[in-house]
Amino acid sequence: MHTKDKKVFGKALMALTIVFFYLPIVFMVIFSFNDSKSLTAFTGFSMRWYEAMFKNHSMMESLYVTLIIAVIATIVSTIVGTITAIGLVYSKKWVKRFIQQVNDLPMMNPEIVTAIGLMLLFITFQIERGFTTLLMAHIAFCIPYVMLSVMPKLRSLDPNLADAAMDLGATPWQALTKVIVPQIMPGIVSGALIAFTMSFDDFIISYFTTGQGVKNLSIMVYTMSKRVNPSINAISTLVVVFITISLLIANIIPVMRQKIRKKEVAESGAFKQPKKGPKIVIGLLIAALAIGLFSYKKAADDNKPFAGQTLHVYNWGEYVGENFLSNFEEQTGAKVVMDNFDSNEQMYIKVANNESYDVLVPSDYMIQRLILEDLLQPLDREKIQPSLDLLDPNVLDQPFDPGNQYSVPYFWGSVGIVYDKRKVDVKDLEEEGFNIFLDPKYKGDLYLYDSERDSFMMALKALGYSMNTENPDEIQAAYNWLLQCVQTMNPEIVTDEIIDNMAQGRKALGLIYSGDATYVMSENENMGYFMPTQGSNLWSDGMVIPKNAKNVDLAYAFINYTCQYEAAYDNSSYVGYTASNMEAQDELAEGEYAGIDSYVPRSGNPKDEVFTYNENTRKTIADLWSRVKIAASNATE
979 MHTKDKKVFG
989 KALMALTIVF
999 FYLPIVFMVI
1009 FSFNDSKSLT
1019 AFTGFSMRWY
1029 EAMFKNHSMM
1039 ESLYVTLIIA
1049 VIATIVSTIV
1059 GTITAIGLVY
1069 SKKWVKRFIQ
1079 QVNDLPMMNP
1089 EIVTAIGLML
1099 LFITFQIERG
1109 FTTLLMAHIA
1119 FCIPYVMLSV
1129 MPKLRSLDPN
1139 LADAAMDLGA
1149 TPWQALTKVI
1159 VPQIMPGIVS
1169 GALIAFTMSF
1179 DDFIISYFTT
1189 GQGVKNLSIM
1199 VYTMSKRVNP
1209 SINAISTLVV
1219 VFITISLLIA
1229 NIIPVMRQKI
1239 RKKEVAESGA
1249 FKQPKKGPKI
1259 VIGLLIAALA
1269 IGLFSYKKAA
1279 DDNKPFAGQT
1289 LHVYNWGEYV
1299 GENFLSNFEE
1309 QTGAKVVMDN
1319 FDSNEQMYIK
1329 VANNESYDVL
1339 VPSDYMIQRL
1349 ILEDLLQPLD
1359 REKIQPSLDL
1369 LDPNVLDQPF
1379 DPGNQYSVPY
1389 FWGSVGIVYD
1399 KRKVDVKDLE
1409 EEGFNIFLDP
1419 KYKGDLYLYD
1429 SERDSFMMAL
1439 KALGYSMNTE
1449 NPDEIQAAYN
1459 WLLQCVQTMN
1469 PEIVTDEIID
1479 NMAQGRKALG
1489 LIYSGDATYV
1499 MSENENMGYF
1509 MPTQGSNLWS
1519 DGMVIPKNAK
1529 NVDLAYAFIN
1539 YTCQYEAAYD
1549 NSSYVGYTAS
1559 NMEAQDELAE
1569 GEYAGIDSYV
1579 PRSGNPKDEV
1589 FTYNENTRKT
1599 IADLWSRVKI
1609 AASNATE
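Residue numbers (this note's numbering): 979 to 1615.
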């Protein structure tokens, strides 16, 4: 290859690399102005997601926490790391070698190990996790990166530099600040930038060391894994804009200063001490960002019934509408701190370990478990009866909580089969039901849901058994059914990935929750939803008040607010799951979700059931499902 051709090839490769790195950012910025919730189709220009972002107290709070933690962690770790590195230069060899090995260990360790270690440390010393523990953890893992950046600069210095400065009359402090630090400043700056980036971007360590509703952006995005909220595009765009402006200032101002110096030299033969213009401009920029962050906070209104109070809610991720929390805060004057969980079992661990929340939103069988273990407060009927009167009778008085003594319905729905109408014959679904997951016609073109309850429900229903069976032979038969499926049909076992994957028509069919199917069908008209006549799971999630709740009156206000038409409509229209409020449910079924039969669960099929809690059966099914997944992994190798 000729030199000219090599240059052309190199430029083309560089251009492709730039496109590869920056095209996703451009895509994100464009879709932050999208009029619809779609992440793939631009339907028109709108600022709605920026408005939603500023109204979203939790999202703005997460940005504020991210920046504050990153800035403080950077300052502290840079000071500590720099001083430690300088001290090591003048230490004995064995001390230097030992400290360097200790410093390298956190960077070589998998991050999950560091995260669990820090979490156990805080638990052992009974330090309540929150902002302080999150900050301590970030400082701890940032210090090694600062030291790693500073040490090479220190090694390049003359070891007698400090002594020479003091021989010329400098004090030890002056020798440090006037001689050593200026020489190693590039290393300090690079270490500080790395520390800021690591802190701003961290998820794993943050997730295990925080609590009390304190979340950074990484944790916030993680809670949106079920459905990416387009507001995250807006907040990410703001971060990109801020970084871009900062980089422009950092690059343009030195050039301007250089021109000013040349002009001064040309005019007077010397130049004056450079002004601190860049520092002032950058300081003003940071101040403007801080003002923007705080602008979303509204002054407390003492006339509102719960002004100044804080409600702690533990809910599923992405389970509330765009304006749900902000409207509640506006009405009551209270602040809502909402933590998110991925599974009922994750929620149970925190509640069983006496972590305090005012409202929980568990599923049916978990509500039953919490009642049996005396972890919930009985509800005051007089306070909730007007709200119960607004709800669909089909979701009230369920077997897991007869008479709704402990819970008020939040969402409800079913589990069925989402399918691509272009690939799947409806006759196959009608004839086979859940047994279509064993039909060789669809081999390699289906999804199983990574949930032991729902997967065993499907197998038990396919075999004609109750999904709440305690019969060991029936459970074993369901296990064999699932083994046959994973060994012969080559399914892909997924969780929430099924939502976007089926919306894009990547497989023929899969097991799915009705609310997720509603979203899929609204995004892709070629998708359908089918509930086999063999029966299925009719589930419901309810709001409950734990025994250790600290703000019970505000919890009742939240529950009653959630049951009202406006709140229920906002939640259901955004999330896609069925509203418990009858008026909101009917309006959405006839309006936004008209023609989408997954939205309202069917009634009248005697084989449809609600899960009940049984500890022995739960453990057995969990163990068997683990074996099914191992068999699936072996089948794909």
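Using N, Cα and C, we set each Cβ at its ideal position, and we do this for glycine too.
Three-state class that DSSP yields for S1168 in the structure shown
Assigned with DSSP and collapsed to three states, S1168 falls in helix.
In terms of residues, what are the limits of the beta strand (DSSP E) holding N1332?
No beta strand (DSSP E) contains N1332, which DSSP labels as neither H nor E.
Host alpha helix (DSSP H) of F1302 (start-end):
Following the DSSP letters along the chain, one finds F1302 inside the alpha helix (DSSP H) bounded by residues F1302 to T1310.
Any contact of the stretch 1605-1612 with the stretch 1449-1465, i.e. 3+ C-beta pairs under 8 angstroms?
Enough Cβ pairs lie closer than 8 angstroms, so yes.
How do the stretch 1572-1588 and the stretch 1505-1520 stand: do at least 3 beta-carbon pairs fall below 8 angstroms, yes or no?
Taking a contact to require three or more Cβ pairs closer than 8 angstroms, the stretch 1572-1588 and the stretch 1505-1520 qualify as touching.
7 angstroms CB neighbourhood of P1521 in its chain, flanking five on each side removed
Note that residue 1521 corresponds to Met in the displayed sequence, not to Pro. Within the same chain, Cβ atoms closer than 7 angstroms to the Cβ of M1521 are found at V1337, V1339, S1385, V1386, Y1388, I1537 and T1540, the five residues on either side in sequence being excluded.
Going by DSSP in three states, Y1552 sits in which element: helix, strand or coil?
In the three-state scheme derived from DSSP, where H, G and I count as helix and E and B as strand, Y1552 is classed as helix.
Range of the contiguous alpha helix (DSSP H) that encloses D1370
Membership of D1370 in any alpha helix (DSSP H) is not indicated, and neither H nor E is assigned to it by DSSP.
Can you tell me whether E1039 is buried or exposed, with buried defined as 16 or more other CB within 10 angstroms of its CB?
Around the beta carbon of E1039, 16 or more other beta carbons sit within 10 angstroms, so the residue counts as buried.
What residues are listed by DSSP as bridge partners for D1317?
Bridge partners of D1317: Y1292.
Can you tell me whether DSSP reads M1467 as helix, strand or coil?
Collapsing the DSSP output to three states places M1467 in coil.
Within 10 angstroms of its Cβ, does Y1000 collect 16 or more other Cβ (buried), or is it exposed?
Counting the other Cβ atoms within 10 Å of the Cβ of Y1000 gives fewer than 16, which makes it exposed.
What are the boundary residues of the alpha helix (DSSP H) that D1478 is part of?
Element bounds for D1478: E1475 to A1481.
Ignore the nearest five residues each way along the sequence and tell me which others in N1612's own chain have a CB closer than 6 angstroms to its CB.
There are no such residues.
Assigned secondary structure, L1424 (DSSP; H/G/I helix, E/B strand, else coil)
Looking at L1424 - three-state DSSP - the assignment turns out to be strand.
Can you round the beta-carbon distance between Y1420 and A1486 to whole angstroms, since I take them to be within the 8 angstroms contact cut?
With 8 angstroms as the limit, Y1420 and A1486 qualify as a contact, their Cβ atoms being about 5 angstroms apart.
Is the shortest distance between the beta-carbon of A1495 and the beta-carbons of chain C less than 9 angstroms?
In summary, chain C is missing from the structure at hand, where a single protein chain is found.
By Cβ distance, which residues of its chain are closer than 6 angstroms to K1193, with the 5 residues on each side in sequence left out?
Closer than 6 angstroms at the Cβ level, and outside the excluded window around K1193, lie S1040.
Can you check which of these residues, W1151, Q1346 and Q1376, is closest to N1322 by C-alpha distance?
Out of W1151, Q1346 and Q1376, Q1346 has the C-alpha closest to the C-alpha of N1322.
Per DSSP, what kind of secondary structure is S1581 in: helix, strand or coil?
Coil at S1581, not helix or strand.
Please name the residue or residues paired with V1386 in a DSSP beta bridge.
DSSP lists M1521 as partners of V1386.
Boundaries of the alpha helix (DSSP H) in which M1344 is found, first to last residue:
Annotation: the continuous alpha helix (DSSP H) that includes M1344 extends over D1342 to L1350.
In whole angstroms, give me the CA-to-CA distance for M1198 and I1213.
C-alpha separation (whole angstroms): 11 angstroms.
Provide the residue span of the alpha helix (DSSP H) that contains Y1297, from first to last.
Counted as a single uninterrupted DSSP element, the stretch harbouring Y1297 is not any alpha helix (DSSP H), since DSSP gives it neither H nor E.
In the DSSP output, what is E1618 paired with across the bridge?
Residue 1618 is absent from the structure shown; the chain starts at 979 and stops at 1615.
Which of helix, strand or coil does DSSP assign to D1398?
In the structure shown, D1398 adopts extended strand secondary structure according to DSSP, grouped into three states.
Is Y1068 helix, strand or coil when you go by DSSP?
It is coil, neither helix nor strand.
If we count the other Cβ atoms within 10 Å of its Cβ and call it buried at 16 or more, is I1476 buried or exposed?
Buried: at least 16 other Cβ atoms inside 10 Å.
Skipping 5 residues on each side, what residues in its chain have a beta carbon closer than 8 angstroms to that of I1309?
The question names Ile, but residue 1309 is Gln in the sequence shown. Once the five neighbours on either side are set aside, the close Cβ partners of Q1309 are K1282 and Y1539.
Compute the Euclidean distance between the alpha carbons of I1395 and P1418, then round it to the nearest angstrom.
Pairing I1395 with P1418, the inter-Cα distance amounts to about 17 angstroms.
Quick one: any contact between the stretch 1044-1055 and the stretch 1106-1120, if contact means 3 or more CB pairs under 8 angstroms?
Segments in contact, yes.
State whether the stretch 1144-1160 contacts the stretch 1076-1095, with contact taken as three or more CB pairs (one from each stretch) at a distance under 8 angstroms.
With the rule of 3 Cβ pairs closer than 8 angstroms, the stretch 1144-1160 does not count as touching the stretch 1076-1095.
Extent of the continuous beta strand (DSSP E) to which L1407 belongs
Unbroken run through L1407 is the alpha helix (DSSP H), V1404 to E1410; no beta strand (DSSP E).
Quick one: what does DSSP say S1604 is sitting in, helix, strand or coil?
When DSSP states are grouped into helix, strand and coil, S1604 belongs to the helix group.
What's the gap between the Cα of A1610 and the Cα of N1468?
Distance between the alpha carbons of A1610 and N1468: 8 angstroms.
Helix, strand or coil for L1461? Go by DSSP, reduced to three states.
Looking at L1461 - three-state DSSP - the assignment turns out to be helix.
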